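All remarks here apply to the structure that follows.
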Amino acid sequence: MTRIRHFISGAQASGESRRTGPIYNPATGAQTGEVDYASAADVDSAVAGAAAAFTQWRAVPLSRRSGILFAMRDLVRGHSRQLAEAITAENGKVLSDAEGEVLRGLENLEFACGIPSQLKGEYSGQVSRGVDVHSVRYPLGVVAGITPFNFPAMVPLWMAPNAIACGNSFVLKPSEKTPTAAMLLAELWRAAGLPDGVFTVVHGDREAVDRLLTHPKVAAVSFVGSTPVARHIYATAAGHGKRVQALGGAKNHMVVLPDADVDGAADAAVSAGYGAAGERCMAISVVAAVGSVAGPLVDAIVARLDKIRVGSGTDPDAQMGPLVTREHRDRVAGYLDTAAAEGATVVADGRALATAESGFFLGPCLVDHVQPEMTVYRDEVFGPVLCVVRVPTYDAAVQLVNDNPYGNGVAVFTRDGGAARRFQDQVEVGMVGINVPIPVPVACYSFGGWKASLFGDLHMYGPDGIRFYTRAKVVTTRWPDPSTSAVDLGFPQTR
Ligand code: NAD
0 MTRIRHFISG
10 AQASGESRRT
20 GPIYNPATGA
30 QTGEVDYASA
40 ADVDSAVAGA
50 AAAFTQWRAV
60 PLSRRSGILF
70 AMRDLVRGHS
80 RQLAEAITAE
90 NGKVLSDAEG
100 EVLRGLENLE
110 FACGIPSQLK
120 GEYSGQVSRG
130 VDVHSVRYPL
140 GVVAGITPFN
150 FPAMVPLWMA
160 PNAIACGNSF
170 VLKPSEKTPT
180 AAMLLAELWR
190 AAGLPDGVFT
200 VVHGDREAVD
210 RLLTHPKVAA
220 VSFVGSTPVA
230 RHIYATAAGH
240 GKRVQALGGA
250 KNHMVVLPDA
260 DVDGAADAAV
270 SAGYGAAGER
280 CMAISVVAAV
290 GSVAGPLVDA
300 IVARLDKIRV
310 GSGTDPDAQM
320 GPLVTREHRD
330 RVAGYLDTAA
340 AEGATVVADG
350 RALATAESGF
360 FLGPCLVDHV
370 QPEMTVYRDE
380 VFGPVLCVVR
390 VPTYDAAVQL
400 VNDNPYGNGV
410 AVFTRDGGAA
420 RRFQDQVEVG
430 MVGINVPIPV
440 PVACYSFGGW
450 KASLFGDLHM
460 YGPDGIRFYT
470 RAKVVTTRWP
480 DPSTSAVDLG
490 FPQTR
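Just so it is clear: in the sequence shown, position 411 is 410 by numbering that gives the first Met the number 0, and no numbers are missing.
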């Protein structure tokens with residue numbers, strides 16, 4: 000069994016805590032390793048190392064930082080298969096999907112390579128006679144990232160490249176379920192030439208997180224995970240005077256208008272609903288079928304379900320892997336019984352694949368005639384359960400989306416540009432796809448939901464990431480005209 004330790008001040012470290020947690024291979028159900036859980040004292044030594052590194056790193060020229068980021072970009076690309084294999088082994092998603100995750104993370108490294116441009120300040124000359132004003136952005140110090148199990152490489156790469164490029168030291172607390180990708184990233188940062196202590200990994204659970212949230216030397220916290228934990232992170236870290244961005248859960252709708260291409264919409268619903276076994280914060284979990292499109296759309300989705308190959312993530316033919324843990328698989332499967340009891344129609348029940356011995360599998364599930372008051376609609380299910388809510392009109396679809404407490408992603412499928420434009424305007428969601436089911440912004444934009452999907456002001460990565468990881472100083476300068484100088488500088492004197 001592998002033992003995963005922390006990565007502090009450029010080296011693997013055991014820490015003083017004796018607490019550990021199990022790591023499973025979700026495809027086999029077998030325990031494959033254990034990960035150290037940091038105590039508050041372990042977090043203190045990690046933060047002390049990061050704080051010491053910060054004093055040097057903040058002074059490193061931008062061109063040198065950029066050089067390290069370019070090197071890291073090449074190393075991550077060169078090790079994308081190794082990273083993907085580590086992700087599949089602990090998270091369960093299929094290898095091609097894990098490789099896709101690494102590529103999406105890579106985009107953020109590429110964005111951060113341009114840090115000399117991103118940190119350009121502003122300048123206003125002659126705001127008053129002889130007075131100029133300019134702004135400069137400075138790093139914050141030690142910043143922490145707390146990340147979920149579902150994107151073990153990509154979400155840390157949403158945070159660390161910008162944080163580090165801006166001159167901060169970054170302390171990562173990855174999900175205890177999927178800790179290995181973070182350790183590989185730590186090794187790659189070191190190989191890229193990043194000074195020791197600028198990228199640190201502490202593993203663990205609430206004890207480690209709560210120490211990061213209250214530690215006086217941690218200046219900012221970036222979090223991605225479920226909404227209840229996001230609320231706790233936001234309230235606690237903000238209460239301790241930190242800058243916080245806490246991204247929470249989701250319930251993403253795909254609104255299909257009656258004029259949509261039914262086959263295209265069904266393909267999109269299937270890939271966005273069941274990809275990564277529905278364990279994506281941008282997965283489609285509700286299809287809002289407007290008017291007459293509902294019947295043909297449900298038929299088209301059903302026709303595609305049998306073709307989805309469910310299997311181990313390492314099987315090149317598998318399209319959908321297992322869920323992350325047995326408990327999570329059982330919780331997700333339980334929604335099918337609740338949905339049926341509350342009056343919905345379970346069209347496809349993936350539990351035939353959910354055998355106790357052979358990994359944490361659940362096949363694609365489809366629930367039709369779902370109503371907004373049903374549990375399967377209200378909860379974030381976070382599994383391969385696609386719900387269909389039949390709505391009579393476009394307005395009812397928008398109302399459904401806007402009444403939902405989450406506001407992460409949404410998609411509309413239509414051939415009508417005017418309808419799409421109105422939808423974009425009226426829907427209260429942070430990321431909107433028009434005939435795009437999973438509208439994750441590219442790295443030169445920022446990622447963030449609205450309402451219960453994000454607590455804080457700034458979104459993740461892209462331009463908001465640079466703002467989040469820096470604070471501005473505005474300098475107002477007055478120089479008297481040299482012709483009035485007491486010393487003869489060679490100008491015609493006017494004194
Ligand atoms: P989670 O909230 O259980 O855990 C996230 C992180 O918080 C982990 O590092 C975990 O160790 C830590 N944590 C868990 N409970 C804690 C507690 N009580 N106190 C302090 N820290 C705690 O989330 P998860 O199950 O790992 O990931 C799935 C969730 O993440 C889903 O809700 C999904 O929607 C969400 N997610 C959101 C986004 C987004 O961009 N909005 C992206 C990915 C995942």
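C-beta atoms are modelled at their ideal positions from N, C-alpha and C, and glycine is treated no differently.
Computed from a predicted model, the values in this text were never measured in an experiment.
Can we count Arg377 as close to the ligand NAD, meaning its CB is less than 7 Å from some heavy atom?
no
Expected contact under 8 Å - CB spacing of Val426 and Asn401 to nearest Å:
7 Å
If you draw a straight line from the alpha carbon of Asp456 to that of Gly166, how long is it in whole angstroms?
21 Å
I'd like to confirm something about Gly192: is its beta-carbon nearer than 7 Å to some heavy atom of the ligand NAD, or not?
Every heavy atom of the ligand NAD is 7 Å or more from the Cβ of Gly192, so no.
Alpha-carbon to alpha-carbon, Pro155 and Glu278:
Taking the straight line from one Cα to the other gives about 17 Å.
Between the C-alpha atoms of Ala162 and Ala234, what's the straight-line distance to the nearest angstrom?
22 Å
Buried versus exposed, by CB contacts within 10 Å (16 or more), Phe490:
exposed
Should Arg17 be labelled buried (16 or more other beta-carbon atoms within 10 Å of its own) or exposed?
exposed
Nearest to Arg80 by alpha carbon, out of Ala70, Ala97, Ala39?
Ala97
Just checking Glu175 against the ligand NAD - is the residue's beta carbon closer than 7 Å to any of the ligand's heavy atoms?
yes
Backbone secondary structure at Gly406 - three-state DSSP
Here Gly406 sits in strand by DSSP.
Just grab the DSSP bridge partners of Glu33 for me.
Arg2, Pro21
Say yes only if the C-beta of Ala231 is nearer than 7 Å to one or more non-hydrogen atoms of the ligand NAD, and no if none qualify.
Position check: residue 231 holds His in this sequence, whereas Ala was assumed. True, at least one ligand heavy atom lies under 7 Å from that Cβ.
Cut-off 7 Å between Cβ atoms - residues of its own chain near Trp56, not counting five sequence neighbours on either side:
The beta carbon of Trp56 sits closer than 7 Å to the beta carbons of Gly166, Ser168, Pro194, Val197 from its chain, once the five residues preceding and following it are set aside; these are given in chain order.
Is the segment 38-51 touching the segment 114-121 in the sense that three or more CB pairs, one from each, lie closer than 8 Å?
no
Starting from Leu385 and walking both ways along the beta strand (DSSP E), at which residues does that stretch end?
384-390
List the whole-angstrom C-beta distance separating Phe6 from Met182, where the pair is believed to meet the contact cut-off of C-beta under 8 Å.
6 Å
In chain order, what residues of the same chain have a beta carbon less than 6 Å from the beta carbon of Thr1, not counting five sequence neighbours either side?
Gly32
Using only CA atoms, which one of Asp487, Ser127, Val387 lies nearest to Trp478?
Ser127
Do Ala237 and Val243 come within 8 Å of each other at the CB atom, strictly closer than that value?
Yes, the Cβ-Cβ distance between Val243 and Ala237 is below 8 Å.
Using three-state DSSP, classify Tyr334 as helix, strand or coil.
helix
Segment limits, beta strand (DSSP E) that includes Met253:
251-255 is the extent of the beta strand (DSSP E) around Met253.
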